[in-house]
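Just so we're aligned, residue 11 is where the sequence shown starts under my numbering, counting upward by one. For every residue, glycine included, the Cβ atom is placed at its ideal position computed from N, Cα and C.
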Amino acid sequence: MDRQSKIWLLFTVGLSFLIWSLLISWKFSVAIIPAILFHEYGHYYWMGREGIQKRSMMMIPPFGAVAACQEPWPSREAETRIALAGPIFGFISAVGIFVLWQMFRYPILGATTYLICFFNMFNLLAPIPILDGGRVIKSILCSMDEKWGVLFYYFGFMVLLASFIWIPGAGLIATVIGYLLYKDFQYHRMLPQILSNSRLALGLLAFVDREKILYDDKDQEEDVVKSIFFASGLEWVPEKNKSGLEKVIKDLELRINPPGMNLSQAVNHFFVYLSLNLCYVILFLQLTNVNFSNYLSFFK
């Protein structure tokens, strides 16, 4: 991460600590923030393993955190591995704290393990394309047929609507996730049009260059290019120079149609996904054998 991203991360961590301390307690903040950051670091770390350089982390108080990348996924398989990395790191932290709880029997350690398991299981089991488990399913479905991936988005919207209506207290989080899901869905729907505009703009720039419609004055040259773009209905494109557009087009092509997984790869990753869910369920059951009905009281 660059210096600005690190400063922003520290700022959002501090803001999250303040908000959660006011809403629940400082003990809760101390427990939840490292757990969430370690989970997101799993995504961040694996992005680097997949060759993604432009990546960052930030918290979104009071809803959690996100590891973001400014590059397209190298492939559907890479997207799946990155999605699984967060819950895997989360499971490692949960097991570590669970062992400490078994050794020292401090209730807050057991409650923290419970909290980590709940957070990661929600991420894995909720069939929402922007969450970790949903992203794994979406990548597998898109590898089979892009239409299945689109249908999975609609399924995610229906799940959120049902949660909003029938699950008490889920309205706010369902609304926030629904908004983020809608923005992600709209973004991917816009990409083909942006790609088409970028290709047309690149062709127009080639025409300008071939016909020598250029000026010694840089401002005049830019005015000509803008006029041609405007006349062609291209008031906005990502770049207005040849090299920039070529890079954008390559980026967009990969975002729209990353290499998919074959059947063997899809089965292997789905098996890892199911195994990880099973590991969390087993650990969670170890915790529910103890009376954790009021586990939040340990953070007060």
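May I ask you to report which of helix, strand or coil DSSP gives A75? To locate residue 75, count along the sequence shown from 1; it is residue 65. Here A75 sits in strand by DSSP.
Select from L182, F167 and G181 the residue whose C-alpha is nearest the C-alpha of Q196. Residue mapping note: residue 196 aligns to position 186 of the sequence shown, counting from 1. Among L182, F167 and G181, the Cα nearest to that of Q196 belongs to F167.
Could you spell out the range, first to last residue, of the beta strand (DSSP E) harbouring R65? Counted from its first residue, the sequence shown places residue 65 at position 55. Start and end: R65 to I70.
According to DSSP, simplified to helix, strand and coil, what is G61? One-based indexing of the sequence shown puts residue 61 at position 51. Of the three classes helix, strand and coil, the one that applies to G61 here is coil, per DSSP.
M154 - DSSP class collapsed to helix/strand/coil: Indexing the sequence shown from 1 puts residue 154 at position 144. In this structure, M154 counts as helix in the three-state DSSP scheme.
Helix or strand or just coil, what does DSSP make of I183? Within the sequence shown, residue 183 is the residue found at index 173, counting from 1. Correct three-state label for I183: helix.
Which residue's Cα is closest to the Cα of L47: L32, L28 and F99? Here residue 47 refers to the residue found at position 37 when the sequence shown is read from its first residue. Selected option, being the one with the closest Cα: F99.
Mind checking which residues open and close the alpha helix (DSSP H) that includes I29? Along the sequence shown, read from residue 1 onward, the residue named residue 29 stands at position 19. Looking at the DSSP string, the run of the alpha helix (DSSP H) that includes I29 is R13 to L33.
DSSP three-state call for M200: helix, strand or coil? By one-based count along the sequence shown, residue 200 stands at place 190. In the structure shown, M200 sits in a helix (DSSP, three-state: H, G or I).
Can you check which of these residues, A216, C127 and S253, is closest to G96 by C-alpha distance? Locating residue 96 in the sequence shown gives position 86, where the first residue counts as 1. Comparing Cα-Cα distances from G96 to each of A216, C127 and S253, the minimum goes to C127.
Does Y192 come within less than 8 Å of chain B when only Cβ atoms are used? In summary, chain B is missing from the structure at hand, where a single protein chain is found.
Length of the line joining the Cα atoms of A45 and S253: In the sequence shown, counting from the first residue as 1, residue 45 sits at position 35. In the sequence shown, counting from the first residue as 1, residue 253 sits at position 243. Answer to the nearest angstrom: the Cα atoms are 42 Å apart.
Nearest-angstrom Cα distance between G181 and A75? The sequence position of residue 181 within the sequence shown is 171, counting from 1. The sequence position of residue 75 within the sequence shown is 65, counting from 1. So the alpha carbons of these two residues sit roughly 19 Å apart.
Identify the continuous alpha helix (DSSP H) that holds N133 and give its terminal residues. Walking along the sequence shown from the start, residue 133 turns up at place 123. That run of the alpha helix (DSSP H) goes P117 to L135.
Taking the alpha carbon of C152 as the point to measure from, which residue in F73, H279, L25 and M271 has its own alpha carbon closest? By one-based count along the sequence shown, residue 152 stands at place 142. Closest option to C152, Cα to Cα, is M271.
Assigned secondary structure, G100 (DSSP; H/G/I helix, E/B strand, else coil): Translated into positions along the sequence shown, residue 100 becomes position 90. Helix, per DSSP.
Which one of F309, L20 and V291 has the shortest CA to CA distance from V105? As a working mapping, residue 105 is identified with position 95 in the sequence shown. Nearest option by C-alpha distance: V291.
Pairing CB atoms from the stretch 140 to 147 with CB atoms from the stretch 113 to 120, are three or more of them under 8 Å? no
Take S103 as the anchor and find which of V23, R86 and I42 has the nearest alpha-carbon. Residue numbering aside, residue 103 sits at position 93 when the sequence shown is read from its first letter. Here the closest residue by C-alpha is I42.
Using 8 Å as the threshold, is the stretch 77 to 88 in touch with the stretch 129 to 136, meaning 3 or more CB pairs across them? no
Exposed unless 16 or more other CB atoms sit within 10 angstroms - verdict on W56: Position 46 of the sequence shown, counting from 1, holds the residue named residue 56. It counts as buried.
Can you tell me where the alpha helix (DSSP H) with S85 in it begins and where it stops? Residue numbering aside, residue 85 sits at position 75 when the sequence shown is read from its first letter. Note, S85: premise wrong, no alpha helix (DSSP H); not H, not E.
Given a cut-off of 8 Å, decide if V23 and T90 are closer than it, judged by their beta-carbon atoms. By 1-based counting over the sequence shown, the position of residue 90 is 80. By 1-based counting over the sequence shown, the position of residue 23 is 13. In this structure, V23 does not lie closer than 8 Å to T90 by Cβ.
Should the stretch 207 to 217 be called in touch with the stretch 178 to 193, which here means at least 3 C-beta pairs below 8 Å? no
Spatial distance of V160 from Y192 (CA atoms): Residue mapping note: residue 160 aligns to position 150 of the sequence shown, counting from 1. Residue mapping note: residue 192 aligns to position 182 of the sequence shown, counting from 1. Near 12 Å, if we compare the C-alpha coordinates of Y192 and V160.
Beta-carbon proximity of F309 to K64, cut-off 8 Å: Mapped onto the sequence shown, residue 309 falls at position 299. Mapped onto the sequence shown, residue 64 falls at position 54. It is not a contact, given that the beta carbons lie outside the stated cut-off.
Anyone know if the C-beta pair for P71 and I29 falls short of 8 Å? Translated into positions along the sequence shown, residue 71 becomes position 61. Translated into positions along the sequence shown, residue 29 becomes position 19. Taking 8 Å as the Cβ cut-off, P71 and I29 qualify as a contacting pair.
Could you pull out every residue in the same chain whose Cβ sits closer than 8 Å to the Cβ of F280, ignoring the five residues on either side in sequence? Taking the first residue of the sequence shown as 1, we reach residue 280 at position 270. Around F280: V146 and I150.
Member of I259, P137 and M154 whose CA lies at the smallest distance from the CA of P269: The count along the sequence shown starts at 1 and reaches residue 269 at position 259. Out of I259, P137 and M154, M154 has the C-alpha closest to the C-alpha of P269.
Let me make sure I understand the geometry here. Which of V282, E81, L125 and L119 has the alpha-carbon closest to that of K260? Here the question's residue 260 lines up with position 250 in the sequence shown. The candidate whose alpha carbon is nearest that of K260 is E81.
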